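Heads up, the thing below is written out as structure tokens.
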Amino acid sequence: MKITITRFAKLCLFLPALFAQETPRAALAPLPPPLSLPKPGPATEAPYAPQAILPGGIVVPLYPAGSPFLKAERVREAEVYNMSQAVPGRISSIVNIHNPSIEVHPVDRGINTGAAVILAAGGGHNTLNVGGESADFVPYFYNYGVTTIILRNRLRRDGYDPRTDAVNDALQAIRLVRAYAKEWNIDPKKIGIMGFSAGAELSAPGAVLFEEFDKKNSDPADPMAGISSRPDFVGIIYPGPSPFARNRTAPPVPRNAPPAFLACAGSGDRGHAVWAIEYYSAMLAMGVPNIEMHLYGNGRHPGDALADGSRMSGGLTDRTGIPFGTWQLRFIDWFRDLGFMKKPGMETKAAKDTAAFLTPVKP
Numbered sequence: 003m004k005i006t007i008t009r010f011a012k013l014c015l016f017l018p019a020l021f022a023q024e025t026p027r028a029a030l031a032p033l034p035p036p037l038s039l040p041k042p043g044p045a046t047e048a049p050y051a052p053q054a055i056l057p058g059g060i061v062v063p064l065y066p067a068g069s070p071f072l073k074a075e076r077v078r079e080a081e082v083y084n085m086s087q088a089v090p091g092r093i094s095s096i097v098n099i100h101n102p103s104i105e106v107h108p109v110d111r112g113i114n115t116g117a118a119v120i121l122a123a124g125g126g127h128n129t130l131n132v133g134g135e136s137a138d139f140v141p142y143f144y145n146y147g148v149t150t151i152i153l154r155n156r157l158r159r160d161g162y163d164p165r166t167d168a169v170n171d172a173l174q175a176i177r178l179v180r181a182y183a184k185e186w187n188i189d190p191k192k193i194g195i196m197g198f199s200a201g202a203e204l205s206a207p208g209a210v211l212f213e214e215f216d217k218k219n220s221d222p223a224d225p226m227a228g229i230s231s232r233p234d235f236v237g238i239i240y241p242g243p244s245p246f247a248r249n250r251t252a253p254p255v256p257r258n259a260p261p262a263f264l265a266c267a268g269s270g271d272r273g274h275a276v277w278a279i280e281y282y283s284a285m286l287a288m289g290v291p292n293i294e295m296h297l298y299g300n301g302r303h304p305g306d307a308l309a310d311g312s313r314m315s316g317g318l319t320d321r322t323g324i325p326f327g328t329w330q331l332r333f334i335d336w337f338r339d340l341g342f343m344k345k346p347g348m349e350t351k352a353a354k355d356t357a358a359f360l361t362p363v364k365p
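So the sequence shown is residues 3 to 365, counted in my numbering.
Rendered as structure tokens:
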């Protein structure tokens with residue numbers, strides 16, 4: 003029998019050999035291991051070195067080694083990070099802070115206003131809620147050209163007094179930012195502090211106790227002597243008690259007290275609303291310019307239980323769409339109106355109004 007091999011059959015016989023001559027494809031590179039969760043820095047004989055909790059953060063301790071503000075017996079202890087249960091890898095809070103610090107997140111020059119806001123998170127002085135009341139604000143303020151600075155202040159749970167140690171941390175943070183303003187492209191006349199709940203117990207005193215702090219820290223040996231700790235603005239958000247609370251001896255209100263923005267829920271968070279009103283009333287009685295307050299009819303304090311079994315959120319969250327969830331937009335309105343969002347070096351309306359308030363009225 004004669005077998006005829008067609009042209010197609012010949013091609014079929016040739017194909018396996020053709021593919022066999024192909025160069026093998028290079029193997030894919032092995033996958034990298036998962037990124038580890040943020041961890042505290044190593045314990046050494048030197049004071050503990052605080053670690054950045056967000057990429058790109060510049061961390062600077064508030065006090066030099068050996069400072070009388072620090073507890074020498076505890077300054078080497080590492081901070082303790084509590085991780086978020088909802089967002090993997092996100093630090094929700096920090097405790098065991100013995101070497102307080104700031105974490106600076108500068109903005110690009112192209113959008114930089116020169117303004118900087120130091121954030122003091124809440125947590126009842128027992129923890130520092132840096133997730134929702136600090137870290138979340140870094141991209142928010144970045145979009146407006148504002149440098150965000152996360153304050154890690156000392157806590158009552160770790161043996162510190164919120165009314166002295168923590169307030170000193172806040173005022174020292176303002177001095178430190180002003181000292182390095184040029185290096186971080188910050189306008190030294192646009193530096194303020196915003197506190198949440200217990201953190202507002204730092205920002206509110208910071209607005210009235212800066213002169214006393216500067217006098218106590220005027221030693222010529224201090225490289226920051228002569229650098230003012232006065233904030234150019236303060237944010238007081240659902241605050242704890244201020245120096246003007248009814249059960250306290252109120253300090254005198256300095257005539258150059260900075261402008262303040264206050265926001266809180268009203269009857270649903272009555273205690274904190276009263277504390278906000280007390281601060282506002284003290285400033286209003288003195289005639290301090292540019293004090294603005296928003297009390298929202300619908301809302302509760304962050305963490306409070308709601309009727310549906312959930313809890314009131316805080317920070318930047320929209321709070322299920324109620325007006326209280328827009329307070330941060332009202333802050334930007336106020337901030338822009340006072341001239342803090344102009345180009346670096348331009349005098350703000352806030353500064354002009356304060357100067358006018360300090361100028362004696364001619365008879």
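Don't be surprised by glycine CBs; every beta carbon is placed ideally from N, CA and C. Remember, it's a predicted structure, so these values are computed and weren't measured experimentally.
Per DSSP, the bridge partner or partners of residue i
i	result
HIS100	The partner list for HIS100 (beta bridge, DSSP) is empty, contrary to what the question assumes.
PHE198	ILE239
MET285	Per DSSP, none; premise fails for MET285.
HIS107	THR150
PRO63	SER103
TYR83	ILE96
Residue i - DSSP class collapsed to helix/strand/coil
i	result
SER95	strand
MET314	coil
VAL132	coil
LEU264	strand
LEU153	strand
HIS303	coil
GLU294	strand
PRO70	coil
ALA118	strand
ILE188	coil
PRO57	coil
THR144	It should be pointed out that residue 144 corresponds to Tyr in this sequence rather than to Thr. It is helical.
ILE193	strand
ASN170	helix
ALA137	helix
GLU47	coil
ALA206	helix
ILE324	coil
HIS127	coil
LYS218	helix
GLU213	helix
LEU340	coil
ALA358	helix
PRO244	The question names Pro, yet the displayed sequence has Ser at residue 244. If DSSP states are grouped into helix, strand and coil, SER244 belongs with coil.
PRO164	helix
VAL255	coil
VAL363	coil
LYS345	coil
GLY228	coil
LEU331	helix
Contact belief for residue i with residue j at Cβ below 8 Å, rounded distance in angstroms
i	j	result
ILE60	VAL106	4 Å
ALA252	LEU204	Incorrect: roughly 17 Å between the Cβ atoms, too far for contact.
PRO190	ARG180	5 Å
ILE195	PRO233	5 Å
ALA206	VAL236	7 Å
ASN101	PRO52	6 Å
GLY208	ILE176	7 Å
GLN174	LEU64	5 Å
ARG321	SER315	6 Å
LEU121	VAL169	That belief does not hold up - the Cβ atoms of LEU121 and VAL169 are roughly 15 Å apart, past 8 Å.
Residue i versus the options, residue with shortest Cα-Cα distance
i	options	result
TYR182	TYR282, ILE104, GLY237, LEU318	ILE104
GLY197	ILE99, ALA352, CYS266	CYS266
ILE93	ASP138, GLY268, PRO66	ASP138
GLY161	HIS127, VAL169, GLU47	HIS127
ALA278	GLY316, ALA307, ALA247	ALA247
LYS184	THR319, PRO346, ALA123, LEU360	PRO346
ARG332	MET314, LEU297, GLU280, PRO291	LEU297
GLU330	VAL140, ALA307, LEU64, PRO63	Here residue 330 is Gln; the residue named in the question, Glu, does not match the sequence. Looking at the Cα atoms, VAL140 is the closest of the given residues.
VAL290	LEU360, MET348, ASP167, LEU178	LEU360
ASP167	ILE193, TRP186, GLY201, PHE143	GLY201
ASP355	ASN292, ARG250, PRO245	ASN292
ILE193	PRO108, ILE99, SER244	PRO108
ARG77	PHE326, GLU280, ASN98	For clarity, residue 77 is Val in the given sequence; the question names Arg instead. It is ASN98.
SER230	PHE215, GLY317, THR328	PHE215
ILE96	TYR142, THR129, PHE263, ALA352	THR129
GLY317	GLY323, GLY327, ASP310, LEU308	GLY327
ALA287	PHE143, PRO254, SER199	PRO254
ILE324	GLY299, TYR281, ASP110, TYR142	GLY299
GLU47	ARG158, ILE55, GLU79	GLU79
ARG158	LEU178, GLY125, LYS217	GLY125
Residue i CB to nearest heavy atom of the ligand SAM below 7 Å
i	result
TYR142	The ligand content of the structure shown is nil, which means the ligand SAM is not present either.
Should the stretch 220-227 be regarded as contacting the stretch 253-260, the criterion being three or more beta carbon pairs within less than 8 Å?
no
Is it the case that the stretch 330-347 contacts the stretch 152-170, given that we only count it when at least three CB pairs across the two stretches are under 8 Å?
By the Cβ criterion, the stretch 152-170 is not in contact with the stretch 330-347, since fewer than three pairs of Cβ atoms, one from each stretch, lie closer than 8 Å.
Examine the Cβ distances between the stretch 133-146 and the stretch 84-104 and report whether three or more of them are shorter than 8 Å.
yes
contact_flag[the stretch 269-280, the stretch 302-312] where n(CB pairs < 8 Å) is 3 or more
yes
So, do the stretch 139-149 and the stretch 113-123 have three or more beta carbon pairs nearer to each other than 8 Å?
Of all C-beta pairs linking the stretch 139-149 to the stretch 113-123, three or more are shorter than 8 Å, placing the two stretches in contact.
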